[in-house]
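Trainee:
There are 2 protein chains.
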Amino acid sequence: MVWDAWGIPAGHQPLSERIRALLTQVFGVSGDPVARRDEGDVPLRESALTSAQRAGLVAVVGEGYVSTDHRDRLRHAGGKSTPDLLRRRAEGPQEAPDAIVCPADHDQVLAILTYCAEQGLAVVPFGGGTSVVGGVEPVRGRFSAVIVLNLYRLDQVREVDPISGTATLGAGLTGPRAEALLGADGLSLGHFPQSFEFATIGGFAATRSSGQASAGYGRFDDMVQRLKVATPSGTLELGRAPASAAGPDLRELFVGSEGTLGVITEVTVRVHPVPETVVHRAWSFPDFEVGAAALRAVVQAGAAPTVLRLSDEVETGMNLARSGDIGGNAVAGCLAVTTFEGSAAHVAARSAEAGAVLSAAGGTELGATPAEEWEHGRFAAPYLRDALLDVGVLCETLETATTWSNLAALKEKVTTALTDALGGQGTPALVMCHISHTYSTGASLYFTVVAKQSDDPLAQWSAAKRAVGDAIVAAGGTITHHHAVGIDHRPWLPDEVGELGVRILRAVKAEIDPTGVLNPGKLLP
Amino acid sequence: MVWDAWGIPAGHQPLSERIRALLTQVFGVSGDPVARRDEGDVPLRESALTSAQRAGLVAVVGEGYVSTDHRDRLRHAGGKSTPDLLRRRAEGPQEAPDAIVCPADHDQVLAILTYCAEQGLAVVPFGGGTSVVGGVEPVRGRFSAVIVLNLYRLDQVREVDPISGTATLGAGLTGPRAEALLGADGLSLGHFPQSFEFATIGGFAATRSSGQASAGYGRFDDMVQRLKVATPSGTLELGRAPASAAGPDLRELFVGSEGTLGVITEVTVRVHPVPETVVHRAWSFPDFEVGAAALRAVVQAGAAPTVLRLSDEVETGMNLARSGDIGGNAVAGCLAVTTFEGSAAHVAARSAEAGAVLSAAGGTELGATPAEEWEHGRFAAPYLRDALLDVGVLCETLETATTWSNLAALKEKVTTALTDALGGQGTPALVMCHISHTYSTGASLYFTVVAKQSDDPLAQWSAAKRAVGDAIVAAGGTITHHHAVGIDHRPWLPDEVGELGVRILRAVKAEIDPTGVLNPGKLLP
Chain A
19 MVWDAWGIPA
29 GHQPLSERIR
39 ALLTQVFGVS
49 GDPVARRDEG
59 DVPLRESALT
69 SAQRAGLVAV
79 VGEGYVSTDH
89 RDRLRHAGGK
99 STPDLLRRRA
109 EGPQEAPDAI
119 VCPADHDQVL
129 AILTYCAEQG
139 LAVVPFGGGT
149 SVVGGVEPVR
159 GRFSAVIVLN
169 LYRLDQVREV
179 DPISGTATLG
189 AGLTGPRAEA
199 LLGADGLSLG
209 HFPQSFEFAT
219 IGGFAATRSS
229 GQASAGYGRF
239 DDMVQRLKVA
249 TPSGTLELGR
259 APASAAGPDL
269 RELFVGSEGT
279 LGVITEVTVR
289 VHPVPETVVH
299 RAWSFPDFEV
309 GAAALRAVVQ
319 AGAAPTVLRL
329 SDEVETGMNL
339 ARSGDIGGNA
349 VAGCLAVTTF
359 EGSAAHVAAR
369 SAEAGAVLSA
379 AGGTELGATP
389 AEEWEHGRFA
399 APYLRDALLD
409 VGVLCETLET
419 ATTWSNLAAL
429 KEKVTTALTD
439 ALGGQGTPAL
449 VMCHISHTYS
459 TGASLYFTVV
469 AKQSDDPLAQ
479 WSAAKRAVGD
489 AIVAAGGTIT
499 HHHAVGIDHR
509 PWLPDEVGEL
519 GVRILRAVKA
529 EIDPTGVLNP
539 GKLLP
Chain B
19 MVWDAWGIPA
29 GHQPLSERIR
39 ALLTQVFGVS
49 GDPVARRDEG
59 DVPLRESALT
69 SAQRAGLVAV
79 VGEGYVSTDH
89 RDRLRHAGGK
99 STPDLLRRRA
109 EGPQEAPDAI
119 VCPADHDQVL
129 AILTYCAEQG
139 LAVVPFGGGT
149 SVVGGVEPVR
159 GRFSAVIVLN
169 LYRLDQVREV
179 DPISGTATLG
189 AGLTGPRAEA
199 LLGADGLSLG
209 HFPQSFEFAT
219 IGGFAATRSS
229 GQASAGYGRF
239 DDMVQRLKVA
249 TPSGTLELGR
259 APASAAGPDL
269 RELFVGSEGT
279 LGVITEVTVR
289 VHPVPETVVH
299 RAWSFPDFEV
309 GAAALRAVVQ
319 AGAAPTVLRL
329 SDEVETGMNL
339 ARSGDIGGNA
349 VAGCLAVTTF
359 EGSAAHVAAR
369 SAEAGAVLSA
379 AGGTELGATP
389 AEEWEHGRFA
399 APYLRDALLD
409 VGVLCETLET
419 ATTWSNLAAL
429 KEKVTTALTD
439 ALGGQGTPAL
449 VMCHISHTYS
459 TGASLYFTVV
469 AKQSDDPLAQ
479 WSAAKRAVGD
489 AIVAAGGTIT
499 HHHAVGIDHR
509 PWLPDEVGEL
519 GVRILRAVKA
529 EIDPTGVLNP
539 GKLLP
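In order, the protein sequences belong to chains A and B.
Under our numbering, the letters of the first sequence match residues 19 to 543, in that order.
Under our numbering, the letters of the second sequence match residues 19 to 543, in that order.
Right, dumping it as structure tokens:
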């Protein structure tokens with residue numbers, strides 16, 4: 019990925035005329051992008067790694083796999099939240115890790131962790147670097163230096179069991195690479211979060227990722243059958259069976275541990291045959307309330323599609339779910355997107371059952387095209403954010419989840435918090451929302467907020483983020499449904515698990531990472 | 019429950035003539051039951067509770083709710099494994115708790131735990147007392163006395179949310195009582211383990227229970243949305259949303275904690291409308307391998323029935339799944355039982371899809387009757403075990419789970435371990451097996467083993483249990499799919515989570531139960 023924006027250069031597109039006109043009209047910005055800094059010109063403090071430490075790391079992974087190169091350090095300087103990208107684009111020096119270390123396998127990860135614990139070097143595990151919550155920020159904490167552990171060489175498919183529908187994947191495999199390797203065996207993971215193109219198997223597990231086909235294939239947490247984890251105290255292999263009553267499920271301590279308790283090096287995941295049939299169906303609902311009730315009905319009936327999403331009126335009106343047509347003529351009401359995947363017989367049965375439920379609940383079928391358009395453009399939104407940031411428009415996303423009965427209230431309170439916090443700073447906000455993931459007991463809400471940047475956009479967003487986090491917690495939502503905690507959500511972790519829950523997490527960390535070198539400053543408040 | 023057997027007196031039936039004839043033929047026993055001891059005649063050591071301690075407990079729960087009565091102590095003397103029942107029937111003194119304490123609510127549980135931690139009194143949380151792994155054994159450990167905390171007064175439905183399909187249930191509610199109270203709102207939990215009639219909501223959560231309708235409604239762990247837990251260090255409330263990425267899922271530490279980390283006092287569970295339609299369909303398969311492949315096909319297609327079970331050839335031949343007809347004319351091959359529950363439309367769609375998959379995979383439909391017979395008799399097996407024990411026949415069950423690809427090998431190795439271990443003692447064993455729970459990646463195996471009792475049936479079974487536990491672990495299975503760890507499975511916990519996993523569990527316990535009063539001797543080796 020490029021150091022100061024999302025993705026690869028080829029993905030970056032100038033804003034369309036239609037979007038520029040919209041921005042001028044709504045936010046009064048010209049739409050002309052400012053130039054970004056060249057990587058080579060960005061000041062970095064010198065690497066704090068001693069030459070002895072560098073040699074110690076090289077002794078484990080080999081000479082070619084420890085880098086203190088300026089560009090390498092910049093490209094591991096953190097994640098891809100809007101504040102991250104604003105900091106990269108600002109004047110002045112940039113924080114960066116002191117070295118990037120690239121182990122070849124589990125045993126090298128283990129050896130690096132042991133070495134770093136001895137030396138007092140902070141370690142940031144790094145997959146795709148797509149965190150939007152500060153999860154891969156190169157924080158030194160109380161240590162002399164911080165290294166990034168880039169896991170890209172852990173890129174093997176270790177074992178495929180087509181009978182059981184499982185595969186053991188290296189933590190460093192990206193989404194597309196995992197799909198390609200599994201595809202050779204006629205299998206698919208079916209995990210398609212927005213970070214899919216860059217993020218990795220280990221990162222999906224460490225952050226409780228959830229993909230766009232979660233209604234059909236589950237969250238990544240649901241897919242995890244077995245984990246191999248390297249810690250400064252040794253190796254853990256967790257998950258002996260599809261289900262077990264052998265005490266607490268320790269996998270669930272490491273899924274979501276965000277690199278603070280260990281480095282996930284291998285994940286055995288549930289996979290399925292590449293679908294024989296995929297059917298796209300789009301729907302419109304008169305309003306969000308009717309649409310949400312329809313999604314609830316279809317999930318609670320046990321007839322969920324593979325993909326199931328609903329945009330609210332504002333998002334539908336902006337065509338945000340049909341990125342090629344933003345600002346163009348929109349569907350009336352609220353757009354819902356569904357797909358059905360599987361054997362021809364399963365798709366026929368499920369599509370008929372689900373279609374009947376959605377129609378009975380007030381849905382009007384729109385055919386396949388809007389759903390196909392959504393799928394086609396579904397990884398494009400982060401690139402659009404970069405183009406907006408470049409023309410002085412603030413754009414960020416955030417997400418939460420709650421029960422069905424609390425969904426409308428939570429949506430209203432989050433929207434109000436955002437519009438109040440940004441409007442109160444003289445920068446009125448456009449807030450769009452969709453239901454991105456559904457469960458029988460509730461759903462997630464995914465918000466996109468756009469406003470004109472103030473003179474200090476970092477402070478501007480920081481105030482809004484504080485307000486909206488407090489609003490989410492007060493309204494009974496979770497502080498994050500699939501973005502994880504990282505640095506940005508730490509203040510609200512006690513609201514999630516209580517002070518005693520935080521003590522439990524600290525006790526686990528003290529047991530397996532007694533020197534505290536693993537990803538300091540993340541997750542735990 | 020009666021103190022020395024399963025269930026209530028009305029459930030106990032003499033063996034049928036057909037079963038007696040079978041026992042004489044196969045095991046050479048007469049079929050005449052031995053008399054059991056009268057409760058009043060069983061010697062117990064005196065309660066070790068001091069009068070000051072008794073007063074301290076009374077100060078929290080009130081005079082009527084602390085008992086040191088002989089019969090009360092006997093009725094809380096442990097669980098209902100075959101070794102438990104053999105010990106109760108043997109001559110000599112009986113282990114029993116020093117007192118039974120019955121708190122009214124969460125705050126009283128909290129106060130009792132604080133008091134016991136101060137006084138050094140061991141605490142055994144107690145729901146229905148149905149543990150078959152020693153989970154409620156009154157172990158004093160290093161403490162002066164052990165109290166049982168009977169939670170029957172925590173029997174309220176605190177909150178019902180029919181929109182979200184959730185209900186907050188008191189830990190002491192039994193299965194039937196929870197269903198009755200939910201039924202008044204048109205809702206059902208759908209959790210029907212064999213212990214259903216006596217076991218409690220708190221016990222289901224503490225042991226990772228799994229019910230007979232798990233293919234449709236999930237394991238109890240899947241149903242848990244939120245937990246309230248009392249610990250000596252305070253209260254935990256875990257689970258803010260249907261799904262969250264806010265770090266490790268600490269619910270999964272307490273689900274399956276078996277009373278060693280805290281006392282679960284309230285559980286918010288997923289519920290569903292009482293099914294509008296229930297359809298029963300039985301099937302026969304030519305052999306277990308074909309049947310297992312058919313179950314796999316239907317689950318992996320996403321078309322699972324609500325109940326989905328398959329008996330092997332031996333179990334089918336004995337009619338064990340049709341308890342009214344044991345020893346009578348059996349279905350040929352292997353019997354599978356399915357039910358389909360939900361709205362009429364859902365049942366029609368799912369039954370058609372699943373039926374087509376099962377037929378295509380080699381199933382022959384047998385109509386509703388065998389499935390209805392299974393459902394009718396499904397809670398009777400533990401009573402039958404008592405009748406067998408009384409006539410000198412050993413009968414016990416055990417269970418495991420593994421991936422689909424390893425299922426046949428695991429089944430064979432467990433069967434061999436049991437037949438070798440019991441046959442080697444001169445008591446040839448009859449081993450029956452069924453698939454009781456299915457997942458897309460694998461299934462559980464539930465074994466029933468019957469043999470003539472030796473002169474020392476406790477030692478006889480102990481040797482077989484050791485052999486079969488080792489065989490399960492060596493063959494890649496989990497040591498328990500839904501019976502939990504308790505005392506009996508502790509030796510194999512390191513095989514499940516590793517020595518480092520055990521250290522993590524100990525660290526968590528040390529943090530929240532520093533004096534170690536909570537259920538000593540259970541779960542942790």
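Where a beta carbon is used, it is the ideal one built from N, C-alpha and C, also for glycine.
Since this is a predicted model, take the numbers as computed values, not measurements.
1. List the whole-angstrom C-beta distance separating A/F397 from A/E215, where the pair is believed to meet the contact cut-off of C-beta under 8 Å.
2. Would you be able to state if there are at least three C-beta pairs under 8 Å between the region 327-343 of chain A and the region 443-458 of chain A?
3. Please classify A/P101: does DSSP put it in a helix, a strand, or coil?
4. Could you name the residues of chain B that A/L518 contacts, counting a contact when the two beta carbons are closer than 8 Å?
5. Compute the beta-carbon to beta-carbon distance between B/V411 and B/V468, rounded to the nearest angstrom, for a pair I have assumed lies under 8 Å.
6. With DSSP run on the structure shown, which of helix, strand or coil describes B/C134?
7. Mind reading off the beta-carbon distance from A/T456 to A/A300? Whole number of angstroms is fine, and I expect it under 8 Å.
8. So, B/R9 versus B/E57, is the Cβ gap smaller than 8 Å?
9. Rank A/Q71, A/G277, A/R171 and A/P111 by C-alpha distance to the C-alpha of A/Q137 and give the top, closest one.
10. Looking at the secondary structure, which residues open and close the beta strand (DSSP E) in which A/G188 lies?
11. Cutting at 6 Å between CB atoms, please list the residues of its own chain near A/L416, excluding the five before and the five after it.
12. Return the chain-ordered ranges of every beta strand (DSSP E) run that is complete within the region 225-255 of chain A and spans a minimum of 3 residues.
13. Could you work out which residue in A/H298, A/V20, A/A378 and A/G495 is closest to A/W392 when comparing CA atoms only?
14. Here's the rule I'm using: 16 or more other beta-carbon atoms within 10 Å means buried, otherwise exposed. How should B/R484 be labelled?
15. Counting only Cβ pairs nearer than 7 Å, list the residues of chain A close to B/L436.
16. With 8 Å set as the bound, which would you pick, yes or no: does the beta-carbon of B/V503 sit closer than that to a beta-carbon of chain A?
17. What does the alpha-carbon distance come out to for the pair B/I505 and A/L172?
18. Taking the runs of the alpha helix (DSSP H) that are 4 residues or longer, which of them lie wholly in the region 302-330 of chain A?
19. Whose Cβ in chain B lies nearer than 7 Å to the Cβ of A/I497?
20. For B/S177, I'd like the list of residues in its chain whose CB is within less than 6 Å of its CB, leaving aside the five on either flank, ordered along the chain.
21. Counting pairs of beta carbons, one from the region 282-295 of chain B and one from the region 206-221 of chain B, are three or more of them closer than 8 Å?
22. Our contact map puts A/S162 next to A/A66 with C-beta atoms below 8 Å; I'd like the distance itself, whole angstroms only.
23. Residues of the region 400-429 of chain B with a CB closer than 7 Å to any CB of chain A: list them in chain order, please.
24. Could you check whether the Cβ of A/G360 sits closer than 8 Å to any Cβ belonging to chain D?
25. Using a Cβ-Cβ distance under 8 Å, would A/L268 count as near chain B?
26. Give the DSSP-derived three-state secondary structure of A/D179 in the structure shown.
27. Just to confirm the assignment, what range does the beta strand (DSSP E) spanning A/P194 have?
28. Considering Cα atoms alone, identify which of B/A405, B/I497, B/L518 and B/A426 is closest to B/L29.
29. Which residues mark the beginning and the end of the beta strand (DSSP E) in which B/Y464 is found?
30. By the 10 Å Cβ neighbour count, where 16 or more other Cβ atoms means buried, how is B/R160 classified, buried or exposed?
31. Does DSSP put A/T13 in a helix, in a strand, or in coil?
32. Under 8 Å between beta-carbons, which chain A residues line up against B/T283? List them in chain order, please.
33. 8 Å is my cut-off, CB to CB: does A/Y133 come that close to chain B?
34. Would you identify the three-state DSSP class for B/P388, choosing helix, strand or coil?
35. Helix, strand or coil for A/L139? Go by DSSP, reduced to three states.
36. Counting pairs of Cβ atoms below 8 Å between the region 496-504 of chain A and the region 114-129 of chain A, do you hit three or more?
Mentor: According to the structure shown:
1. Locating residue 397 of chain A in the first sequence gives position 379, counting from the first residue. Locating residue 215 of chain A in the first sequence gives position 197, counting from the first residue. That belief holds up - the Cβ atoms of A/F397 and A/E215 are roughly 6 Å apart, short of 8 Å.
2. yes
3. Start at 1 with the first residue of the first sequence, and residue 101 of chain A comes out as number 83. It is helical.
4. The residue given as residue 518 of chain A occupies position 500 in the first sequence. Per Cβ cutoff of 8 Å: T249, S251, G252, T253, L254 and I530.
5. On the second sequence, residue 411 of chain B is found 393 positions in, with the first residue counted as 1. On the second sequence, residue 468 of chain B is found 450 positions in, with the first residue counted as 1. The distance from the Cβ of B/V411 to that of B/V468 is about 6 Å, consistent with a contact at the 8 Å cut-off.
6. Here the question's residue 134 of chain B lines up with position 116 in the second sequence. Correct three-state label for B/C134: helix.
7. Counting from 1 along the first sequence, the entry for residue 456 of chain A is found at position 438. Counting from 1 along the first sequence, the entry for residue 300 of chain A is found at position 282. About 16 Å separates the two Cβ atoms, so there is no contact after all.
8. Within the shown structure, residues of chain B are numbered from 19 to 543, placing residue 9 of chain B beyond reach of any answer.
9. On the first sequence, position 119 is the one that residue 137 of chain A refers to. With distances taken between Cα atoms, A/Q137 lies closest to A/Q71.
10. Along the first sequence, one-based indexing puts residue 188 of chain A at 170. That run of the beta strand (DSSP E) goes T184 to G188.
11. Your numbering for residue 416 of chain A matches position 398 in the first sequence. Here the set comprises F465.
12. 242-249
13. One-based indexing of the first sequence puts residue 392 of chain A at position 374. Answer by Cα proximity: A/H298.
14. Reading the second sequence from its first residue, position 466 is the one you call residue 484 of chain B. Classification of B/R484: exposed, given that the 10 Å Cβ count is below 16.
15. Stepping through the second sequence from its first residue, residue 436 of chain B is reached at position 418. Result: empty, since nearest Cβ-Cβ is about 19 Å, beyond 7 Å.
16. Taking the first residue of the second sequence as 1, we reach residue 503 of chain B at position 485. Yes, contact with chain A.
17. The residue given as residue 505 of chain B occupies position 487 in the second sequence. The residue given as residue 172 of chain A occupies position 154 in the first sequence. A straight line joining the alpha-carbon of B/I505 with that of A/L172 spans about 40 Å.
18. If we require 4 residues or more, the alpha helix (DSSP H) runs fully inside the region 302-330 of chain A come out as 306-318.
19. As a position in the first sequence, residue 497 of chain A is number 479, starting the count at 1. Residues of chain B passing the Cβ test: A264.
20. Locating residue 177 of chain B in the second sequence gives position 159, counting from the first residue. Looking at the sequence shown, residue 177 of chain B is not Ser but Glu. Same-chain partners within the cutoff: T186.
21. At 8 Å Cβ cutoff, the stretches touch.
22. On the first sequence, position 144 is the one that residue 162 of chain A refers to. On the first sequence, position 48 is the one that residue 66 of chain A refers to. Going by Cβ atoms, the distance from A/S162 to A/A66 rounds to 6 Å, so yes, they are a contact pair.
23. A419, T420, T421, W422 and S423
24. In the structure shown, chain D does not exist; the protein chains are A and B.
25. For this step, residue 268 of chain A is matched to residue 250 along the first sequence. Yes, A/L268 lies at the interface with chain B (some Cβ there is under 8 Å from its Cβ).
26. Position 161 of the first sequence, counted from the first residue, corresponds to residue 179 of chain A. Residue state, collapsed to three classes: strand.
27. Residue mapping note: residue 194 of chain A aligns to position 176 of the first sequence, counting from 1. Here A/P194 belongs to no beta strand (DSSP E); instead the alpha helix (DSSP H) covers G193 to G201.
28. On the second sequence, position 11 is the one that residue 29 of chain B refers to. This sequence places Gly at residue 29 of chain B; Leu is not what is there. Here the closest residue by C-alpha is B/A405.
29. The count along the second sequence starts at 1 and reaches residue 464 of chain B at position 446. Note, B/Y464: beta strand (DSSP E), G460 to K470.
30. Start at 1 with the first residue of the second sequence, and residue 160 of chain B comes out as number 142. Counting of Cβ neighbours within 10 angstroms places B/R160 among the exposed residues, the total staying below 16.
31. Outside the displayed span of chain A (19 to 543) sits residue 13 of chain A, for which this structure offers no information.
32. Here the question's residue 283 of chain B lines up with position 265 in the second sequence. Here the premise fails: no neighbours, minimum Cβ distance about 14 Å.
33. Here residue 133 of chain A is taken as the residue at index 115 of the first sequence, counted from 1. It does not; no Cβ of chain B falls within 8 Å.
34. Position 370 of the second sequence, counted from the start, is the residue given in the question as residue 388 of chain B. It is helical.
35. In the first sequence, residue 139 of chain A corresponds to position 121, counting from 1. A/L139 falls in the strand class under three-state DSSP.
36. By the Cβ rule, the region 496-504 of chain A does not count as touching the region 114-129 of chain A, because fewer than three pairs are nearer than 8 Å.
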